Amino acid sequence: MDAALPKTRGALDATALDVLFREARTHNAWLDKPVPESLLKELAEIAEFGPTAINALPARFAFVQSRAAKEKLKPTLSPGNVDKTMSAPVTVIAAYDTAFYDHLPKTFPHADMKSNFVGAPEEVITKTALQSATLQAGYLILAARALGLDTGPMGGFDAAAVDAAFFEGTTWKSFLLINLGYGDAEKLFPRNPRLELSEFTQFL
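All residue numbers for the sequence shown refer to my numbering, where the first residue is 6 and numbers rise by one.
Here it is in structure tokens:
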């Protein structure tokens, strides 16, 4: 066999697809079971391997675990998100870094991409950062499921208040919260319907 040929990877089995997609649910109630910080670090490291535009890796994740940090987060939440967030073992503040391009010499070393963003209009920087950071939040959710965790991603918070409370003096901007832990399956709502394949796809 030619050693230069890439190894082929088989498809995941049905059980893995169930864990990641078909049987995975958004959780709003949580078991009283802590998530080790070592597992959170593994989660972040795995999620970072997902692709982003020019390998910009603009997402920033703040893992809110302590009671004090949760109390600081509480006033920024919409009323419907308070109980489920305060009871979750961890809440991830997903943010994007508006100065992500400062790291491009490290993450994209074979070309000068930083100069494309230095002095660029704010909307260009924000669009680039938010697009890839949103992808990275999705990778984090899937990585969490793969590691045996449950998630509850949500909006319903005052992003400006979160940024003032947690990211003052930085270039980080929050855009999503993800509750994280071990969900209480007995308190799940029935799964909502999905679209038919013909309603959301075209094969051209």
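Think of the CB as a built atom: it goes at the ideal place given N, C-alpha and C, for glycine as much as any other residue. This structure is a prediction, so every number in the text was calculated from the model and none was measured.
Proximity below 8 Å, CB of residue i to CB of residue j
{"i": "F171", "j": "A64", "result": "no"}
{"i": "L182", "j": "L44", "result": "no"}
{"i": "F162", "j": "S92", "result": "no"}
Residues of its chain near residue i, where Cβ-Cβ distance is below 7 Å and the 5 sequence neighbours each way are ignored
{"i": "A52", "result": "Q141, Y144, L145, A148"}
{"i": "I130", "result": "T103, F122"}
Sequence-distant residues of the same chain with beta carbon closer than 6 Å to residue i, five excluded per side
{"i": "A61", "result": "F105, S137"}
{"i": "A34", "result": "D189, K192"}
Whole-Å CB distance - residue i paired with residue j, under 8 Å assumed
{"i": "R150", "j": "L25", "result": "5 Å"}
{"i": "Y187", "j": "L154", "result": "7 Å"}
{"i": "A166", "j": "T81", "result": "4 Å"}
{"i": "L109", "j": "K119", "result": "4 Å"}
{"i": "T57", "j": "T103", "result": "Contact flag wrong, Cβ pair sits at about 15 Å."}
{"i": "V87", "j": "K79", "result": "6 Å"}
{"i": "T20", "j": "P158", "result": "Not confirmed; about 23 Å, so no contact."}
Sequence-distant residues of the same chain with beta carbon closer than 8 Å to residue i, five excluded per side
{"i": "V95", "result": "V40, L45, F68, V69, Q70, N184, L185, G186"}
{"i": "F194", "result": "N33"}
{"i": "V123", "result": "Y106"}
Burial state of residue i, where buried means 16 or more other Cβ atoms lie within 10 Å
{"i": "N197", "result": "exposed"}
{"i": "F208", "result": "exposed"}
{"i": "G85", "result": "exposed"}
{"i": "S179", "result": "buried"}
{"i": "A73", "result": "exposed"}
Complete alpha helix (DSSP H) runs within the region 95 to 173 (minimum length 4 residues, chain order): 109 to 112, 127 to 151, 164 to 171
Those runs of the beta strand (DSSP E) which lie wholly inside the region 35 to 71 and span at least 3 residues: 64 to 69
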